[in-house]
Every structure is written in structure tokens, then in C-alpha cells.
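What follows is a set of notes on a single structure, which appears directly below.
See the structure below:
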């Protein structure tokens, strides 16, 4: 039996039990996880330091090292998030449809867990706990495969979580880590459709692409966001500046940050200088079309090429293009959008309606920041990721998106 | 540009238009399709006869030839189904969630079309029109790839439908057929994730497996049904006989027909002979465990092996196994079920509840026939297939299952 088969069988053996566990028992387990993480924070930090040291030796960038790092405060945040999950509604068993058929059969459509969720992600050890906790609350077994750079942290976190769920009366195999970070094992995991019911990759565009190309398991694609703000000629300029500034500089490294601003030519002279002034406060690098460079001065704006429009910078860099009209803005968005979050700033009712109708994205904003594309901000209470695909879930995914459905049909002898 | 790229670009070029078309315009197009199919029935039959002749030359089985055949009556049925779709609610634009956030942003979650749907199916020309009509009603472009045995019928049907939708003011490329039935083209289609948003294979287990193995496009898996009836010791024997008979003999070739009966040992002596007597009316071949053979006489029951329990016979063949208890029945079902439709016949409340909780299938029946797993029977009005996967849809899929969702967020300057 291969390594993945072993994990798969382990999960399969306990998934029915977990799927029918009560919310109370699952909440107990989440509290146990929170307790053990707090109690063992020094052990976690010790394990994490190994990863940090290895990262430094491999010349990992400062921002990646920062993502990798766990300290007292971050561990407290992770533990608190587990506790918070106990307060959310359990999606399992929720009745989402049904009725009585003419022949008297009663149909009840309910939410049930997916079964076994596979998570493939990068060197962010917080995802290890986040994902496990969300899967637990939604009644799913989880098989975690994090980046090799975080392996020591992940091993420690998983060992502690397994101990915690055991204390709460569960089979520890409801949470499993792929400890062998060899790529061949990850590739095998992507084809383990016999054991894993859904695979959720979380990370950069390359990781997600690799999973799409190789997986035979149904996937929920997450995260890539090449997001735009279109400043319509009727826009409130002050509002547009605020929304662009917020979208670019409040947290540039995340998928709902904006990467390109499109400006209607009739408002470009007024808007662009004010935008540049504001973005200068964060030293944002601008890459613009010819008109943008003319308006703002070529010394202030690097020329933008096709690649710039197609890039998710995730940094203090913004592409800028002046468009002739609304139609050209839509065309640009259709060409470059990854279908994540798109925004129009406008005072025109018809432009707003048309934008919402025509733009094909998970979240379409009128006069507010794309930074709101987030499970917490949408009121889901928690988030497993942001789906940029169409199947199953689109946009921020909470606990409900970790469930599937089941039809229950009660009769008294009906036949066809 | 490859053949599939051409079709893909054609579809992409008209999908936004179709996605925002009114229900009235889409209904017009459906009526036009119904009219043209009726008017041109002789031409369709002529094209179909070419396929039938080719099939006969290739020694196609009688049942496959029957599936392939189109006559006046069948064409009328297909046309009537298109007309009927006009009476169903348009899922596009349906508001399925939302609310106002504390900061005043209004979130509206609506249904929108998938975009471009790919259908890969076998030699059933009726699917060509069914699928195209359902996609049209739900605002989706469709790329159809039917079995090569039906190519002449499919070409004619598609040409007529394209003419009809053009009459109704649509770009004919909203409906396209892969006319080159080379396998390499189908393989290319399965990897055209840049153009096709969801792929729905309809057909036998082999076809579906090939698509799962090779596709990079999100799939909705349909159809394979190894369905069971478990006759509990508390069952009403007459009801159990009716349900087994109906499940096996009313239409054995379909996915919701049953393949195995599990009988509690305490009721086997009473139930099995009455079941056999009834099934004899349809000459059903029985394949049973040792106990079944002992009870019914070994001359009446062939010995069943593992393969029999794992096989979707789709024929007048039934596997039978006497189980020691409820737990053994659940174990058997867990091992062999394809997660389609499972049934318990029982008078015990607790057995019914436990069965519904423990059995992991799209549709779990208590005291009624698995033959009801069907879009029409469930009140969906129409059916694109029966999903046996967990992602997106599970069980009978209607128009809603051909849509995805989109969040619209209206604000007045909110930033984070």
C-alpha cells in the first residue's frame, strides 16, 4: 500500500463517524484544539524556529519568512479562531429544500459533509490549523499537504490537533498530515480520487495550475485575483481615489487587492494626478499607458506592457490605463480579469447596472473596495478560501461550501 | 488555431450576450427549435437512417440501435420537451442570498449562467437537443460532442437548432457540434479549460472514467448507479416485493434501477420465495449468496461472486445477499454503492433514521422505489443528468444546476 493509500484508508475508516457526530462533540474538539495550541505554544515556536532557520539558509525572502513565522501572538490568533468556530452554525443537517410529491413521497434535501477534504497549500502554517478546524466543524476528514518549508511547524501543529480531537473522543485520523513532502507524493495525492472527495489548493497561481492539470479529484480553485477598478466619467473623484488607494495599499499581498486601474478619458485629467498624489504616500510604482504617462509625466510612470496588465503584482505596483469609454473598460476586464473581484466607481445608475450585468466575476462591486471579498466581511464567520471557479462555490467560501447535499425520500410503498 | 480552439472562441464571443438575454428571447428560441424539428422531421429521419444503416453494418446491438433511432413520435417528444422548457422558471438572475452589512454595503447573491458547457455523450441523438435546449434556457453556450455512431443525426439536429436560434436573434454559435468525432479531438476538448467552463459527460462508466482521468475542466459526473434495496427484518414483505420488482423490472437499463437486494436473515425465508415468484414474471436471473441459494434452491440461483455485487447489470439480473444484521447491510452498501440511490424497506423508525444518516448516497429512500431518482419525478421540470459527485450538484440536476452564482455589492464609498 502506498503512503497516500494509507492516509486515504485511515480517513475513509472514520469519515462516517465524523459525518454523523453532533455539533456539541465537534465544538468540544475545537475547544480542545484551542487549549492545546495555547498550552503548547513554546513547543510550536520551537518547531517553527527550525523552519525559519532552514528558510534563512535557503535565502527565503523576508515576506515569505514573515508568512512562515509563528509567535505567541499569532498562535493566540489561531487558537481564538478555533474557539470562534464553535459559535457558528453547524451546516450539517441543514434542510435546504424539499416538499411532498403528488404521490405522497416526502423529499428532504439536506446538507451533509463532503467526506474527505484534501488541502494543498504553501508555507503558511496557520492554514494547517485553519483548514483542519473548518473541516472538523463541517464534519469532514482532512488530509493536509503544506509546503515543505513549513514541515516542522506543520508536524507539531498536526500532532497537537490529533491529540486534542482524541481527547474529545474522535479518531485522530480525522486530521492527517502528508509528512513526506516529496513532489511525487503530492502528485499521487492529486490522483487519489478513491479516497479524497474534494481537493482545495490554496496558494499562488502556479500551485493552482499544477493541481488543475494533474488532479483527478474534483477541485475548488481558489485565489488568483487580477482585480480592476474602473473609474467611470461620472465617478466621484474623491471616492474613486479612496477606493483605489484602499484596494492597492491596505494590504497589497492579498488576492482581493487591485492590480489595474482603468480610467475614462474624460475624467483622467482630474482623477489621475489626485490618485498619484495619494499613492505616493505608499511609494506605489505606477505602470501606465501612453496617455497616463502624458498626464502624470513620463518620469513618474513606467510604460505598461501586456504583461503588466496580466500580472497579479501582489505588491506596491499598479498598472493604469486610460480608456476611451465604458465598452473599452469592459473589454479590458474581460481580457485580463481572473474572475475574482471587479469594481466600478460611478454615479450613473445605468453604468452600474450594466457593469454588474456584463462583468463576469465572483464579486462585482459598485462604489466600494474590492478588499471586502472575504468570508468575514461577507458575514460567513469563517473562510476556507475564495473560489474563482464556477462549479460548487464562487467567491468567499465558508462552512456551507464544505458540504454537499443529500436527498432523503420517505414513502409508504410508492413505486413507479 | 485548432478545431476545438475555433469552437471555443466562437462560444466565448457570444456567451456574454446569451448570459444577459431575456427569458422571453430564450423562450422564443426554444419555440423556434420545436417548430423546426417538427417541420423538418423527414430530413432528420433521413439523416438518422444513415446512422442506423452504418450501425447495422457495424453489428450494433438491437438495444443500441433502438437508442440511436429517431422516428416521428420520438421527434415529436423531443420538440414537445423544448416547448415545455419555456414554461419553467428561468434560473438566471434568481436572488439566492444577501443582505446589508454593518457598514451599509448591500450584498446580493444571484444565479448566473456557467458560460460555456461542454457535453460528451454517446450515441443518443435525443441528448443533442435535450442538452442544447437546457443550456439555452439556462443562458449557457453549449459545445456538443456525441458518439460517432450518431454523427449524421447530430449534424442535422444541430444545423436545424442553429437556424432556429438565429431566427430568434441569437448568434448560432451558442449551439455548436464537434463534427470531427476523432478521439484526439475529444481529448483536446477535455483540456480546453480556457474556453469551456464545465464539462458534463453522459453515458456509461467507461466514458465517465475517461473524462475524469483526462479533463482539466471542472466536471459534473453523472449516472453510474449500483443501487441497493435492503429489506430489514421489520419490513412489510408485500411492500418489499413491490419495491424490488419495480426497481429491477420497470426499466432495467437505467441508472436508478436496482442491482442488488440485501435481506435480513430473519425475514429471508419469508421474503425471498415471494420475491422470486414475482421476479419470475420477468425472467429475472438471480445470483445469490450461499444462504439465498439454500432458501430458493440452488437450481434457481447462480452463485454470486464479488464481481456480481460490484456490477451495474442494467439488465434482468439481480444479485441477492442474506445479511446477518443491519450493520452488515450498511457495510455491503458502503463497499459497493456508487452513491446514486439506496433504499431500505422497514417499519422501524430507528432503522429508517439510521439508514438515512449512515448511507452516503445522492438519494436515500425509505419504503419507496429508487426509480424515483429523476428530475421530473423530483419536480425539477427537466433534467440534464443525475450527479453522482459531491461538488456543485448531487442527484437529479435541473436548470438551476446549470448555473453558478455571482455576488453583487453596492456601496457608497466603503473601504476597509
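Chains as they are written, first to last, in my numbering: chain A, 5 to 420; chain B, 5 to 420.
C-beta atoms are modelled at their ideal positions from N, C-alpha and C, and glycine is treated no differently.
Handout entry: Range covered by the alpha helix (DSSP H) that runs through residue 32 of chain A
Key = Against the first chain, residue 32 of chain A aligns to sequence position 28. According to the DSSP assignment, residue 32 of chain A belongs to the alpha helix (DSSP H) that extends over 27-43.
Handout entry: Cβ-based burial, residue 353 of chain B [other Cβ within 10 Å; buried from 16]
Key = As a first step, residue 353 of chain B must be located in the second chain, where it is residue number 349. Burial state of residue 353 of chain B is exposed, judged by a 10 Å Cβ sphere holding fewer than 16 other Cβ atoms.
Handout entry: beta strand (DSSP E) segments (min. 3 residues) lying fully within the region 108-134 of chain B
Key = Segments of the beta strand (DSSP E) lying fully in the region 108-134 of chain B: 110-117 and 120-125.
Practice task
Could you have a look at residue 409 of chain A and say whether DSSP puts it in helix, strand or coil?
Solution key: Counted from its first residue, the first chain places residue 409 of chain A at position 405. Residue state, collapsed to three classes: strand.
Practice task
Return helix, strand or coil for residue 373 of chain A, following the three-state DSSP convention.
Solution key: For the purposes of this step, residue 373 of chain A is taken as the residue at position 369 of the first chain. Residue 373 of chain A: coil per DSSP, three-state reduction.
Problem - Inter-residue spacing [alpha-carbon to alpha-carbon] between residue 383 of chain B and residue 103 of chain B - result: By 1-based counting over the second chain, the position of residue 383 of chain B is 379. By 1-based counting over the second chain, the position of residue 103 of chain B is 99. The straight-line gap separating the alpha-carbon atoms of residue 383 of chain B and residue 103 of chain B is approximately 29 Å.
Problem - Cβ-Cβ distance between residue 240 of chain A and residue 417 of chain B below 9 Å - result: Against the first chain, residue 240 of chain A aligns to sequence position 236. Against the second chain, residue 417 of chain B aligns to sequence position 413. Yes, these two residues count as a Cβ contact at 9 Å.
Problem - For residue 419 of chain A, the nearest candidate out of B/389, B/255, B/271 and B/301 (CA to CA) - result: Indexing the first chain from 1 puts residue 419 of chain A at position 415. Ranking the options by Cα distance to residue 419 of chain A, first place goes to B/255.
Practice task
Using the Cα positions of residue 232 of chain B and residue 177 of chain B, report the straight-line distance between them to the nearest angstrom.
Solution key: Position 228 of the second chain, counted from the first residue, corresponds to residue 232 of chain B. Position 173 of the second chain, counted from the first residue, corresponds to residue 177 of chain B. Near 43 Å, if we compare the C-alpha coordinates of residue 177 of chain B and residue 232 of chain B.
Practice task
In the DSSP assignment, find the beta strand (DSSP E) that holds residue 234 of chain A and state where it starts and stops.
Solution key: Taking the first chain and counting its residues from 1, one reaches residue 234 of chain A at position 230. First-last of the beta strand (DSSP E) with residue 234 of chain A: 231-235.
Problem - Closer than 9 Å to chain A by CB, residue 441 of chain B - result: One cannot answer for residue 441 of chain B here, as it falls past the ends of chain B, which runs 5 to 420.
Handout entry: First and last residue of the uninterrupted beta strand (DSSP E) at residue 180 of chain B
Key = The sequence position of residue 180 of chain B within the second chain is 176, counting from 1. Residues 179-181.
Exercise for the section: At 9 Å on the CB atoms, spell out the chain B contacts of residue 256 of chain A, in chain order. Expected result: By 1-based counting over the first chain, the position of residue 256 of chain A is 252. Under the 9 Å cutoff, chain B gives no residues; its nearest Cβ is about 13 Å from residue 256 of chain A.
Exercise for the section: Please confirm whether residue 109 of chain A and residue 413 of chain A have their CB atoms less than 9 Å apart. Expected result: Your numbering for residue 109 of chain A matches position 105 in the first chain. Your numbering for residue 413 of chain A matches position 409 in the first chain. Taking 9 Å as the Cβ cut-off, residue 109 of chain A and residue 413 of chain A qualify as a contacting pair.
Problem - Simplified DSSP assignment, three categories, for residue 325 of chain A - result: Numbered from 1 along the first chain, position 321 holds the residue referred to as residue 325 of chain A. Under the three-state reduction of DSSP, residue 325 of chain A is assigned to strand.
Practice task
Would you mind telling me which residues of chain A sit closer than 7 Å to residue 361 of chain B, beta carbon to beta carbon, in chain order?
Solution key: What you label residue 361 of chain B is simply residue 357 of the second chain in a count that begins at 1. Taking a Cβ-Cβ threshold of 7 Å, the residues of chain A close to residue 361 of chain B are 24, in chain order.
Exercise for the section: Please check if any C-beta of chain A sits within less than 9 Å of the C-beta of residue 177 of chain B. Expected result: As a first step, residue 177 of chain B must be located in the second chain, where it is residue number 173. No, residue 177 of chain B lies away from the interface with chain A (no Cβ there is under 9 Å from its Cβ).
Exercise for the section: Give a yes or no on whether the C-beta atoms belonging to residue 355 of chain A and residue 236 of chain A are separated by under 9 Å. Expected result: Position 351 of the first chain holds residue 355 of chain A. Position 232 of the first chain holds residue 236 of chain A. At the C-beta level, residue 355 of chain A and residue 236 of chain A come within 9 Å of one another.
Practice task
May I have the straight-line CA-CA distance separating residue 262 of chain A from residue 112 of chain B, to the nearest angstrom?
Solution key: The residue labelled residue 262 of chain A in the question sits at position 258 within the first chain. The residue labelled residue 112 of chain B in the question sits at position 108 within the second chain. Each residue's Cα considered, the two are about 22 Å apart.
Exercise for the section: Give me the Cα-Cα distance between residue 225 of chain A and residue 170 of chain A, rounded to the nearest whole angstrom. Expected result: Against the first chain, residue 225 of chain A aligns to sequence position 221. Against the first chain, residue 170 of chain A aligns to sequence position 166. If you take the alpha carbons of residue 225 of chain A and residue 170 of chain A, they lie about 31 Å apart.
Practice task
List the residues of chain B whose Cβ lies closer than 9 Å to the Cβ of residue 396 of chain A, in chain order.
Solution key: One-based indexing of the first chain puts residue 396 of chain A at position 392. Near residue 396 of chain A (Cβ distances below 9 Å), the residues of chain B are 222, 394, 395, 396, 397 and 408.
Practice task
Look up residue 404 of chain B in the DSSP assignment and give the residues it is bridged to.
Solution key: Locating residue 404 of chain B in the second chain gives position 400, counting from the first residue. Residue 404 of chain B is not bridged to any residue.
Exercise for the section: Can you give me the start and stop residues for the beta strand (DSSP E) that residue 346 of chain A sits inside? Expected result: Counting from one through the first chain, the residue named residue 346 of chain A turns up at place 342. It spans 345-349 - the beta strand (DSSP E) in which residue 346 of chain A sits, taken as one unbroken run.
Handout entry: Residues bridged to residue 205 of chain A [DSSP beta-bridge criterion]
Key = Here residue 205 of chain A corresponds to residue number 201 of the first chain, with the count starting at 1. Answer is A/124, bridged to residue 205 of chain A.
Problem - Neighbouring residues, chain B, relative to residue 2 of chain A (Cβ below 7 Å) - result: The structure shown does not extend to residue 2 of chain A, since chain A is modelled only from 5 to 420, so the question has no answer here.
Problem - Nonlocal neighbours in the same chain, by C-beta distance under 6 Å from residue 31 of chain A, ignoring five residues either side - result: In the first chain, the residue the question calls residue 31 of chain A occupies position 27. The answer, listed in chain order, is 90.
Handout entry: 9 Å Cβ cutoff, residue 377 of chain B in contact with chain A
Key = Here the question's residue 377 of chain B lines up with position 373 in the second chain. It does: the Cβ of residue 377 of chain B has a partner Cβ on chain A nearer than 9 Å.
Exercise for the section: Check whether the Cβ of residue 137 of chain A lies closer than 9 Å to any Cβ atom in chain B. Expected result: Start at 1 with the first residue of the first chain, and residue 137 of chain A comes out as number 133. No, residue 137 of chain A does not count as interfacial toward chain B.
Problem - Amino acids of chain B, ordered along the chain, whose beta-carbon sits closer than 7 Å to that of residue 382 of chain A - result: To locate residue 382 of chain A, count along the first chain from 1; it is residue 378. 111, listed in chain order.
Practice task
Pull up the CB-CB distance for residue 349 of chain B and residue 244 of chain B, whole angstroms please, since I reckon it's below 8 Å.
Solution key: Position 345 of the second chain, counted from the start, is the residue given in the question as residue 349 of chain B. Position 240 of the second chain, counted from the start, is the residue given in the question as residue 244 of chain B. The pair is a contact, with the Cβ atoms about 4 Å apart (cut-off 8 Å).
Exercise for the section: May I ask which residues mark the beginning and end of the alpha helix (DSSP H) holding residue 277 of chain A? Expected result: Working through the first chain from its first residue, we reach residue 277 of chain A at position 273. 269-284 is the extent of the alpha helix (DSSP H) around residue 277 of chain A.
Exercise for the section: Report yes if the C-beta distance between residue 314 of chain B and residue 292 of chain B is below 9 Å; otherwise report no. Expected result: Locating residue 314 of chain B in the second chain gives position 310, counting from the first residue. Locating residue 292 of chain B in the second chain gives position 288, counting from the first residue. In this structure, residue 292 of chain B does not lie closer than 9 Å to residue 314 of chain B by Cβ.
Practice task
Determine the burial state of residue 13 of chain A: buried for a count of at least 16 other Cβ atoms within 10 Å of its Cβ, exposed for fewer.
Solution key: In the first chain, residue 13 of chain A corresponds to position 9, counting from 1. Per the 10 Å Cβ criterion, exposed.
Practice task
Check whether the Cβ of residue 231 of chain B lies closer than 9 Å to any Cβ atom in chain A.
Solution key: Within the second chain, numbered from 1, the residue matching residue 231 of chain B stands at position 227. Taking Cβ atoms only, chain A never reaches closer than 9 Å to residue 231 of chain B, which makes this a no.
Practice task
Could you list which residues in chain B have their beta carbon closer than 8 Å to that of residue 372 of chain A, in chain order?
Solution key: Along the first chain, one-based indexing puts residue 372 of chain A at 368. The answer, in chain order, is 109, 413, 414, 415, 416, 417, 418 and 419.
Practice task
Could you check which residue in B/406, B/381 and B/399 has the C-alpha nearest to that of residue 107 of chain A?
Solution key: Counting from one through the first chain, the residue named residue 107 of chain A turns up at place 103. Closest by alpha carbon: B/381.
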